[in-house]
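As you go down the protein sequences, you meet chains A and B in turn. Each residue of the first sequence is one higher than the one before, starting from 230 at the first, in my numbering. Each residue of the second sequence is one higher than the one before, starting from 3 at the first, in my numbering. Note that the Cβ used here is the ideal one computed from N, Cα and C, for glycine as well. Report on the structure given below.
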Amino acid sequence: MFLTISTTGTAARPATDLGYLLHKHPDKAQAFSTSHGTAHVFYPEADAERCTAALLLEIDPVALVRRGRGKGRGGAPDAALAQYVNDRPYAASSLLAVALSNVFSSALRGVCAARPERAAAPLPLRVEVPALPARGGPELVRRLFAPLGWTVTADPVPLDTAFPEWGDSRYVRLLLESERLTLAEALRHLYVLLPVLDDAKHYWVSADEVDKLLRAGEGWLAGHPEQQLITSRYLSRRWSLTRQARERLELVRLAEADDSEVEDIDNAVADETETEEKPTPLAVLRREAILAALGTSGAARVLDLGCGQGQLTQALLKDARYTEIVGVDVSQRALAIASRRLKLDRMGERQAARVKLVQGSLVYTDQRLRGYDAAVLSEVVEHVDLPRLPALEYAVFGHARPRTVVVTTPNAEYNVRWESLPAGHVRHGDHRFEWTREEFRAWAAAVAERYGYEAAFTSVGPDDPEVGPPTQMATFTISSEREAKAA
Amino acid sequence: MTETQHKGRELPVTDLSLVVLVGASGSGKSTFARRHFKPTEVISSDFCRGLVSDDENDQGATRDAFDVLHYIAGKRLAAGRRTVVDATSVQQDSRRQLIELAKKHDVLPIAIVLDVPEEVCAERNAARADRADMPRRVIQRHIRELRRSLRHLEREGFRKVHVLRGAEEVEHATVVTEKRYNDLTHLTGPFDIIGDVHGCSAELEALLAKLGYTDGAHPEGRTAVFVGDLVDRGPDSPGVLRRVMGMVNSGNALCVPGNHENKYGRYLKGRKVQHTHGLAETIAQMEGESEEFKAEVRRFLDGLVSHYVLDGGRLVVCHAGLPEKYHGRTSGRVRSHALYGDTTGETDEFGLPVRYPWAEDYRGRAAVVYGHTPVPEATWLNNTICLDTGAVFGGKLTALRWPERELVDVPAERVWYEPARPLRTDAPGGQDGRPLDLADVHGRRAVETRHAGRVAVREENAAAALEVMSRFAIDPRLLPYLPPTMAPTATSRIDGYLEHPEEAFAQYARDGVARVVCEEKHMGSRAVALVCRDAETARRRFGAEGPTGSLYTRTGRPFFDDERTTEEILGRLRAAVTDAGLWEELGTDWLLLDAELMPWSLKATGLLRGQYAAVGAAAGAVFPGALAALEAAAGRGTDVGALLGRQRERAADAAAFTDAYRRYCWPTEGLDGVRLAPFQLLAVQGRSLAALPHDEQLALIDRLVEHDGTGLLHTTRRLYVDTGDPESVRAGVDWWLEMTGRGGEGMVVKPLGALVRDGDGRLVQPGIKCRGREYLRIIYGPEYTRPDHLTRLRQRFLNHKRSLALREYALGLEALDRLADGEPLWRVHEAVFGVLSLESEPVDPRL
């Protein structure tokens with residue numbers, strides 16, 4: 230909520246010209262009303278040698294929360310900004326960026342009738358932001374500002390000096406210095422990069438945000454090495470908008486030259502297409518292995534248990550031999566994404582009749598899941614707490630009881646081969662465990678024995694002579710001669 | 003309706019049956035139905051024709067009309083309601099569909115034939131405007147078909163056929179409703195239900211003696227109920243038959259048939275049966291019996307009814323178990339199911355049929371007591387219990403006292419017969435990780451509670467709860483309760499305060515609660531602890547293999563990722579319970595505790611770092627520079643005085659905020675520094691303690707704390723207040739001011755009587771929280787005490803929170819009651835899941 234901009238000068242080129250450039254008189258304190266509070270501009274120092282302008286935004290935290298009210302029952306505010314305990318009144322967030330653009334709008338555009346030559350010329354600048362929220366830390370702050378000609382000093386702020394073990398906060402004390410930039414450039418950098426570092430925009434991102442970014446980024450964003458990060462964060466990482474902005478940045482001129490919509494020319498390269506030589510991703514290998522196992526089983530009606538975002542469901546749908554595919558997941562968010570992926574709402578009736586997405590849980594038995602030919606649990610078991618795994622085993626093998634069950638799970642031994650994975654870590658934050666090959670085989674054998682299945686094992690991905698494949702897979706087939714002991 | 007003088011024929015009609023009236027058009031079926039049955043019992047084809055076509059005589063609509071008729075009849079029969087079909091039903095094909103319908107719903111099909119002369123029918127039709135032009139040949143055809151049908155009706159499957167000949171007989175007949183044989187709901191016992199005897203005469207006599215029977219009769223008038231399989235395999239089937247038949251004949255016992263009686267009965271009737279599975283022994287033992295006794299046995303076995311519904315419908319006894327849809331029903335399928343149970347069609351490694359685990363799916367309200375499948379121990383599963391504990395295989399003979407639900411058993415004298423496979427638990431248990439069914443929790447639901455009627459759960463809230471329960475919660479068997487949310491006190495108007503205890507005392511005074519307890523509110527994390535005496539108790543009572551209990555958060559997540567830490571805390575609690583002598587005093591081997599676990603920073607580190615400390619850090623970083631800049635500007639003569647003053651106040655507020663959260667944080671190492679403050683004993687074996695007054699509660703808790711030698715347990719300070727006494731109320735306010743002034747979170751005001759109702763009989767809030775002025779900075783933000791903020795913050799809406807608190811409270815109480823009553827896991831889980839679902843309702847999170 231606070232920043233200062235300083236410059237130095239001489240008698241011939243007095244520092245107080247800053248007042249002209251900012252259109253704010255150095256001897257006055259002025260207040261401006263903004264959408265979230267009052268912005269104050271004042272000058273702690275102002276003489277020919279040194280002049281500092283301060284922008285202080287007084288935010289009303291109650292109004293901030295109550296703005297979103299009325300959507301919940303009982304007048305409860307919406308989840309966004311619902312916290313009264315909020316750093317917005319203190320941190321230099323996107324709210325400050327908005328205030329900056331409102332209060333210094335002419336300066337941002339580089340307009341100065343009184344001193345046009347000074348507005349157009351670089352000047353010695355020093356910008357201080359004492360509490361800058363910076364997701365990515367001092368390192369990212371440097372990566373964002375340094376390429377633009379700033380000398381960057383970014384010191385982390387500790388969370389709480391009483392509890393040093395909590396470490397640093399996400400705030401940095403930022404000092405920017407440069408003699409190569411105009412004031413307008415400096416303000417535009419701040420206008421874009423403060424919210425980018427904050428990475429939590431306070432208002433809904435609308436399409437005109439793209440235009441704002443293009444305007445403020447003119448002349449520096451296109452060539453910035455972190456352009457993609459800046460764009461995507463500025464637009465709150467909403468994919469469709471991000472893509473739109475990138476298209477416009479890179480293809481917009483070509484489109485304009487051709488009098489075409491940018492969509493018309495930017496459709497040759499689908500996102501999935503990989504033009505460069507890369508090893509096939511593990512997820513693809515896994516899907517291929519699963520499809521092969523299902524194909525061998527002769528299954529037509531298949532359960533995708535723990536379908537997640539529906540990648541496997543989608544692959545199954547492309548194969549006509551699967552007449553009924555049920556994707557089950559406990560996460561409604563995942564199901565919503567899967568539904569969008571499959572375009573369920575636009576699918577033809579005949580196709581739609583083949584596929585169904587339902588919320589379900591594998592630690593409860595579910596009558597709806599009985600009577601299918603096969604079930605796939607792809608990268609699912611490791612998301613269940615070990616003490617609850619017997620419930621899943623019973624629900625799938627004892628109760629749903631499809632003829633074939635395909636289970637894939639990471640091979641913990643292979644983790645040493647992932648360069649990016651620190652030793653002793655699991656591959657995903659939500660993995661409750663990861664099994665070695667021996668552990669997985671022991672588990673699968675016990676389940677097969679208990680519920681009357683035969684288990685066969687397959688390696689997925691490159692089979693390392695020492696640590697095995699990255700993914701292990703078991704295919705369980707119901708044994709008709711032997712009966713389920715626990716059923 | 004005309005009263006007739008002379009007595010006409012009496013037509014017995016079973017209370018649950020499908021009655022098919024058979025008669026030509028104009029034979030008087032509708033009149034007959036109106037006279038003898040309730041209007042809602044009768045479905046007429048004419049009416050259904052009207053429903054689908056707006057014309058009761060539109061023959062083109064017949065097919066659709068009968069679809070509707072069959073659909074309605076099916077719904078009624080499924081619900082257990084007698085149904086009368088008023089259609090001509092003169093054709094065999096139309097009757098066949100109705101018989102199938104009756105069979106499908108396992109009720110008796112009954113035919114009542116109205117055989118009325120053609121002239122009478124024609125005359126009646128002529129008198130009706132809508133049928134006046136019905137061709138005569140239609141009636142003639144009806145009568146022709148009816149006559150042709152008469153001989154076949156019983157063979158077609160009608161279990162009773164009443165033929166009324168002539169208009170006169172139709173006019174004077176009366177319908178007499180008969181109960182089903184299996185309906186003994188009027189008998190309330192008490193009963194002693196006895197498992198499979200299999201000729202173990204000595205064991206039976208010992209068990210009867212242990213149950214208090216002398217010479218086949220109980221001095222207190224109890225009734226024995228045998229679940230069948232009296233004979234075969236054992237040493238003295240005739241002795242057992244003699245004893246049981248004697249008791250049944252003298253009205254001291256009831257008996258349902260087992261598959262072994264059934265087979266022996268068929269043998270006695272001269273049918274060809276294999277003398278396997280112990281039948282040969284019975285036949286040999288009966289050799290020496292008189293023909294008279296054998297004939298008596300044959301009559302006895304012949305008269306046995308497949309199952310009984312007893313005690314107002316609360317108890318069902320049969321041999322092999324029975325799903326709810328078959329209770330009180332009458333069909334071959336029901337009888338077969340009652341005798342043999344349901345099998346999957348597979349056979350196991352010993353060549354015996356694999357039984358379908360029907361009890362796992364059972365969700366009925368009636369307890370089903372059965373035998374048939376030998377198990378090592380009789381245990382309840384979903385309100386069903388198998389009493390066959392393999393007496394003849396050297397196990398024991400078991401009886402269940404009803405309604406006491408106590409098990410009484412005697413050991414077998416020896417192994418009388420080698421079992422084909424070792425005894426093992428087939429259905430009962432829940433021990434081996436058998437999960438709950440999604441249908442018990444999913445979708446929109448209404449949970450019946452004893453204390454507040456039906457509590458509705460919305461679909462979207464259940465969906466959210468499913469996600470948390472499935473992905474993060476502990477095993478539901480160790481999660482028998484979740485604590486309800488609590489409403490804060492009404493918003494205070496006192497200067498500088500958002501919450502103040504005066505409002506809480508006033509609210510209880512209005513609710514008619516004279517005496518309340520103020521309990522210190524510990525600022526930590528809510529924790530529920532299930533403490534068992536040992537791992538064996540946890541296994542036996544909760545089916546949990548390994549842990550000795552659980553310690554979980556308000557959404558059912560484990561407190562510690564590390565099981566050893568949980569066990570360490572449970573161990574310390576257990577030691578305190580033991581030293582305090584509470585196991586014996588409360589007559590239990592487990593207890594469920596509501597508590598607060600401290601410090602807050604132990605589990606809330608993420609929140610603290612991401613939100614609270616972060617805000618403090620940002621404020622701490624920004625104000626020195628901002629204040630210095632303002633002071634410099636002021637020094638230059640710029641008019642920033644007011645702004646500077648405000649920023650100084652805001653800086654002070656932010657510092658106070660940091661102080662506020664810091665009070666609830668301290669470092670811990672293992673369990674060093676961890677504190678647990680229990681404040682309520684929720685339940686013990688067989689008893690919910692939710693209604694135990696809080697002074698008695700706290701006295702028990704104090705003893706726990708006293709006997710904890712490890713420093714883990716902390717007391718809860720308290721003060722008792724009379725809401726009607728201004729002096730006492732003032733003392734309560736002062737106590738709160740003093741406590742919160744020293745940085746305390748605040749207090750909870752509760753009715754001393756714990757579970758209390760207001761003048762209108764509604765539950766009052768079980769507690770109202772009054773949070774301290776400084777503490778609320780953590781909730782409403784550092785600057786909330788500024789007058790302009792406070793004015794707006796006072797606009798808060800408490801009604802939804804209060805209603806939510808009461809609904810969750812009712813569900814919590816229900817969970818405890820169900821747990822105490824030994825109800826099946828799904829019933830307890832239903833209520834617990836309900837609490838979690840309601841927690842996802844949108845309500846102001848700061849309340």
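Nearest chain A C-beta to T381/B closer than 8 Å, yes or no?
Translated into the one-based positions of the second sequence, residue 381/B becomes position 379. Output row for T381/B: interface = no.
Could one say the Cβ of V696/A lies closer than 8 Å to chain B's Cβ atoms, at least one of them?
Walking along the first sequence from the start, residue 696/A turns up at place 467. No, V696/A lies away from the interface with chain B (no Cβ there is under 8 Å from its Cβ).
Tell me which same chain residues have a C-beta within less than 6 Å of the C-beta of Q862/B, skipping the five on either side of it?
Any question about residue 862/B goes unanswered here, given that chain B covers just 3 to 849.
Please state if the CB of L18/B and the CB of G330/B are separated by a distance shorter than 8 Å.
One-based indexing of the second sequence puts residue 330/B at position 328. One-based indexing of the second sequence puts residue 18/B at position 16. Yes, the pair counts as a contact, with Cβ atoms nearer than the cut-off.
Report the rounded CA-to-CA distance for A348/A versus E408/A, giving the unit in angstroms.
Locating residue 348/A in the first sequence gives position 119, where the first residue counts as 1. Locating residue 408/A in the first sequence gives position 179, where the first residue counts as 1. Those two C-alpha atoms are separated by around 13 Å.
Which word fits V291/A, buried or exposed, when buried means at least 16 other C-beta atoms lie within 10 angstroms of its C-beta?
Locating residue 291/A in the first sequence gives position 62, counting from the first residue. The residue in question, V291/A, is buried, as its Cβ has 16 or more Cβ neighbours within 10 Å.
Under 9 Å Cβ-Cβ, which residues of chain A neighbour Q613/B?
Residue numbering aside, residue 613/B sits at position 611 when the second sequence is read from its first letter. Ordered by position in chain A, the residues that pass the 9 Å Cβ test against Q613/B are Q312, V314, N315, D316.
Anything in chain B within Cβ reach of P290/A, meaning under 7 Å, just list it in chain order.
Within the first sequence, the letter at position 61 stands for residue 290/A. Neighbours of P290/A on chain B, chain order: G783, E785.
Would you tell me roughly how many angstroms separate the C-alpha atoms of G745/B and E357/A, rounded to the nearest one?
Residue numbering aside, residue 745/B sits at position 743 when the second sequence is read from its first letter. Residue numbering aside, residue 357/A sits at position 128 when the first sequence is read from its first letter. Rounded to whole angstroms, G745/B to E357/A spans 36 Å at the Cα level.
Quick check on DSSP: helix, strand or coil for W672/A?
Residue 672/A sits at position 443 when you count from the first residue of the first sequence. DSSP places W672/A in helix when its eight states are reduced to three.
Going along chain C, which residues have a C-beta under 7 Å from H265/A?
Chain labels in this structure do not include chain C; the protein chains are A and B.
Could one say the Cβ of L388/A lies closer than 8 Å to chain B's Cβ atoms, at least one of them?
The residue labelled residue 388/A in the question sits at position 159 within the first sequence. It does; some Cβ of chain B falls within 8 Å.
Where does the unbroken beta strand (DSSP E) through A703/A begin, and where does it stop?
Here residue 703/A refers to the residue found at position 474 of the first sequence. Taken as a continuous stretch (DSSP letters only), the beta strand (DSSP E) holding A703/A covers 700-707.
Can you tell me where the alpha helix (DSSP H) holding I476/B begins and where it ends?
Stepping through the second sequence from its first residue, residue 476/B is reached at position 474. Per DSSP, I476/B belongs to no alpha helix (DSSP H) and is neither H nor E.
For N261/B, name the three-state secondary structure that DSSP assigns.
Here residue 261/B corresponds to residue number 259 of the second sequence, with the count starting at 1. Looking at N261/B - three-state DSSP - the assignment turns out to be helix.
What separation, rounded to the nearest whole angstrom, lies between the Cα atoms of D655/B and G618/B?
Position 653 of the second sequence, counting from 1, holds the residue named residue 655/B. Position 616 of the second sequence, counting from 1, holds the residue named residue 618/B. Taking the straight line from one Cα to the other gives about 10 Å.
As a quick exercise: from A644/B, E408/B, E505/B, L792/B, pick the residue whose alpha carbon is nearest that of I195/B.
Taking the first residue of the second sequence as position 1, residue 195/B is located at position 193. Here the closest residue by C-alpha is E408/B.
Using C-beta distances below 7 Å, list every residue in its chain close to P240/B, excluding the 5 sequence neighbours before and after it, in chain order.
As a working note, residue 240/B is residue 238 in the second sequence. Result list for P240/B: Q287, M288, E291, in chain order.
Hey, is G627/B's beta-carbon within less than 8 Å of any beta-carbon in chain A?
Taking the second sequence and counting its residues from 1, the one referred to as residue 627/B is at position 625. Interface residue, yes.
To which residues of the same chain is G769/B closer than 6 Å at the C-beta, ignoring the five residues directly before and after it?
Taking the first residue of the second sequence as 1, we reach residue 769/B at position 767. Excluding positions up to five away in sequence, the list reads M488, V750, K752.
Smallest Cα separation from L256/B: which of E633/B, Y310/B, K803/B?
Taking the first residue of the second sequence as 1, we reach residue 256/B at position 254. For L256/B, the nearest C-alpha among the options comes from Y310/B.
Quick one: is Q827/B near chain A, going by C-beta distance under 8 Å?
The residue labelled residue 827/B in the question sits at position 825 within the second sequence. Reading off the sequence, residue 827/B comes out as Leu, not Gln. For L827/B, the answer is no, since every Cβ of chain A falls outside 8 Å of its Cβ.
Quick one: using the 10 Å Cβ neighbour count with 16 as the cut-off for buried, is E622/A buried or exposed?
As a working mapping, residue 622/A is identified with position 393 in the first sequence. Buried is the call here.
Which residues in the same chain as Y249/A place their Cβ atom closer than 8 Å to its Cβ, once the five residues preceding and following it in sequence are excluded?
The count along the first sequence starts at 1 and reaches residue 249/A at position 20. So the qualifying residues of the chain are C341, A343, R344, R347.
Can you find at least 3 beta carbon pairs, one from the stretch 805-820 of chain B and one from the stretch 527-537 of chain B, that sit closer than 8 Å?
Touching, no.
Within the 8 Å Cβ cut-off, does G432/B reach chain A?
One-based indexing of the second sequence puts residue 432/B at position 430. For G432/B, the pLDDT reaches just 43, beneath the cut-off of 50, and the residue's location in the model is therefore unreliable, although a value from the coordinates is still provided. By this cut-off, G432/B is not an interface position.
So, does the CB of A621/B fall closer than 8 Å to a CB anywhere in chain A?
Stepping through the second sequence from its first residue, residue 621/B is reached at position 619. So, interface residue.
Considering only the alpha carbon of each residue, which of R630/A, L586/A, R583/A lies closest to A603/A?
Counting from one through the first sequence, the residue named residue 603/A turns up at place 374. Comparing Cα-Cα distances from A603/A to each of R630/A, L586/A, R583/A, the minimum goes to R630/A.
On the premise that F799/B lies in contact with D846/B, defined as a C-beta separation below 8 Å, what is that separation, rounded to the nearest angstrom?
What you label residue 846/B is simply residue 844 of the second sequence in a count that begins at 1. What you label residue 799/B is simply residue 797 of the second sequence in a count that begins at 1. Contact flag correct, Cβ pair sits at about 7 Å.
Strictly below 8 Å CB to CB, what residues from chain A border H374/B?
Reading the second sequence from its first residue, position 372 is the one you call residue 374/B. Within chain A, no residue comes near H374/B; the closest Cβ sits about 18 Å away, beyond 8 Å.
Would you mind stating whether F261/A and N331/A have Cβ atoms separated by less than 8 Å?
Walking along the first sequence from the start, residue 261/A turns up at place 32. Walking along the first sequence from the start, residue 331/A turns up at place 102. Yes, these two residues count as a Cβ contact at 8 Å.
Is it buried or exposed for H444/B, if we count other Cβ within 10 angstroms and need 16 for buried?
Against the second sequence, residue 444/B aligns to sequence position 442. Buried is the call here.
For E503/A, collect the residues of the same chain with a Cβ closer than 7 Å to its Cβ; drop the 5 residues on either side in sequence, then sort them by chain order.
Locating residue 503/A in the first sequence gives position 274, where the first residue counts as 1. Note on E503/A: pLDDT 29, under 50, position unreliable in the model; no value is reported.
So within the stretch 333-400 of chain A, which uninterrupted beta strand (DSSP E) runs reach at least 3 residues, ignoring any that extend past its ends?
The stretch 333-400 of chain A contains these whole beta strand (DSSP E) runs: 354-362, 380-387.
If the cut-off is 9 Å on Cβ atoms, which residues from the stretch 531-547 of chain A count as contacting chain B, listed in chain order?
Within the stretch 531-547 of chain A, no residue has a Cβ that lies closer than 9 Å to any Cβ of chain B.
Taking Cβ positions, are R224/B and G280/B nearer each other than 8 Å?
Numbered from its first residue, the second sequence carries residue 224/B at position 222. Numbered from its first residue, the second sequence carries residue 280/B at position 278. Not closer than 8 Å, so no.
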